[in-house]
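Asks: Quick note on numbering: numbering that gives the first Met the number 0 labels position 19 of the sequence shown as 18, and the sequence is numbered without any gaps.
All residues carry an ideal CB built from backbone N, CA and C; glycine is no exception.
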Amino acid sequence: MTSQETGTAHRRPLGNTGLQVAEVGYGAWGISGKQWIGADDIESTRALERYIELGGNFIDTALAYGEGHSETLVGEVVRRNPGTLVATKIPPKNRIWPARAGSDVQDVFPAEYVIAMTETSLKHLGMQGVDVQQFHVWNDDWLGNGDWQDAVTQLKRDGKIRHFGISINDHQPNNAIRAVEAGVAETVQVIYNVFDQTPQQRLLDACHAHGVGVIVRVALDEGSLSGTITPETAFEKDDFRNVYFGGNRKTELQPHLRAIESDLGISTAQLPETALRFVLSHPAVSTVIVGMRSVRNVERNMALADGRGLDAAAVSKLHGHAWDRNWYDPA
Ligand SMILES: NC(=O)c1ccc[n+]([C@@H]2O[C@H](COP(=O)([O-])OP(=O)(O)OC[C@H]3O[C@@H](n4cnc5c(N)ncnc54)[C@H](OP(=O)(O)O)[C@@H]3O)[C@@H](O)[C@H]2O)c1
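1) Only counting the same chain, and skipping five residues up and downstream in sequence, which positions put a Cβ closer than 7 Å to that of Asp169?
2) Please confirm whether any heavy atom of ligand 1 lies closer than 8 Å to the CB of Trp326.
3) For a quick check, are the C-beta atoms of Val179 and Phe163 less than 9 Å apart?
4) Quick one: what does DSSP say Arg324 is sitting in, helix, strand or coil?
5) Between which residues of its own chain and Thr1 is the CB-CB distance below 6 Å, once the five residues before and five after are set aside?
6) Do you know offhand how far Glu22's Cα is from Leu47's?
7) Considering only their Cβ atoms, is the gap separating Asn138 from Val104 smaller than 9 Å?
8) So is the beta-carbon of Lys249 under 8 Å away from any non-hydrogen atom of ligand 1?
9) Note down, in chain order, each residue of its chain lying with its Cβ closer than 6 Å to the Cβ of His207, except the 5 sequence neighbours on either side.
10) Report buried or exposed for Thr83, applying the criterion of at least 16 other Cβ atoms within 10 angstroms of its Cβ.
11) At a cut-off of 8 Å, is Glu52 close to ligand 1 when judged by its beta-carbon and the heavy atoms of the ligand?
12) Between Asp195, Ala268, Phe234 and Arg201, which lies nearest to Gly226 when the distance is taken from Cα to Cα?
13) Does DSSP put Thr1 in a helix, in a strand, or in coil?
14) How do the stretch 109–124 and the stretch 33–48 stand: do at least 3 beta-carbon pairs fall below 8 Å, yes or no?
15) Decide if the stretch 205–225 is in contact with the stretch 271–287; the criterion is three or more beta carbon pairs, one per stretch, under 8 Å apart.
16) Mind checking whether the beta-carbon of Met291 lies closer than 8 Å to any heavy atom of ligand 1?
17) Take the Cβ of Pro172 as the centre, count every other Cβ of all protein chains shown within 10 Å, and call the residue buried at 16 or more, exposed below.
18) Going by C-alpha distance, which of Ala63, Val217 and Gly26 is nearest Lys33?
As structure tokens, this is what we get:
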């Protein structure tokens, strides 16, 4: 019997939290009904249920995802499936993503606000406590400033959060190293994929050394590394991918994908598996949270939660395919 049939996804420790998380996690931004257009609540709920049925136990959401819609859908499913772990995030009070260099943490995460937003998330989720609460943006120069750490202590004491983590600004993996070294973050969430390999420079080693859990996001580069986005792909109005893949970017992408395929001798259909296994090959990674709105994608990705990474030769080849760009900025 395969691991998929028995519903036993391979688990890894989430740093020193004591939690064991499925190495394939569920990213719940896409099911929020905003920014990613076209999600269907019934299919999203089925996808979440199937994820858990196949041994998944780690779901990442955020208050900002549809202003509670993602948390509400996640909560309904998790309440029916006790033992499933939930990570959520507090949006910046000034609503500026990513955090601006030089900003005052009291304008972004004052203690009262941190507590109030956590309580709002718990209402959406219909839960007494959340397993991991994360800041949705971060600046390392906030360390030692403001009163947010008092809020974290109080939330833990009151049983409203079990662990505290930081979701690092897009493409700024070094902007959390001090928080990791100081021991204030029990987990970090970071963009790490075949194109953005910068976490390999310092962050992943620092997390490994300090027992900090690593939650990898955007391992498929918002879908580009799934191989399904072509120059003809059209997104619905208001879908954020009109920005991410705006201008000439869908065309620029193609030679990068073809180069990966030819270097590794794989087909386009093998790209998602290769991209996810690449990330899981790094020993510091605890889980890769993949956005998957359909049962089909859940089944495809959970089949990879078998404890096997890529062979060293393939990983080494992929090191040559890093591509430095920030597509969250408009073209
Ligand atoms: N600042 C932050 O903290 C932040 C920012 C971004 C993301 N996140 C978190 O990270 C999670 C993952 O990132 P993401 O969802 O933005 O992007 P992603 O995981 O890089 O890519 C998601 C895309 O890949 C597609 N996909 C998934 N598996 C596939 C497969 N096997 N074959 C073909 N296509 C596949 C999905 O399709 P379908 O959707 O159609 O299934 C979706 O279009 C988010 O859901 C969220 O939880 C956090």
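Replies: The relevant details are as follows:
1) Pro97, Ile190, Asn325 and Tyr327
2) no
3) no
4) coil
5) Only weak support is given to the placement of Thr1: the predicted model assigns it a pLDDT of 46, under 50, and the question is left unresolved by the model.
6) 16 Å
7) yes
8) no
9) Ala283
10) buried
11) no
12) Ala268
13) Low confidence applies here, because Thr1 scores a pLDDT of 46, under 50, leaving its location unreliable; read the following figure in that light. Reduced to three states, the DSSP call for Thr1 is coil.
14) no
15) yes
16) yes
17) buried
18) Ala63
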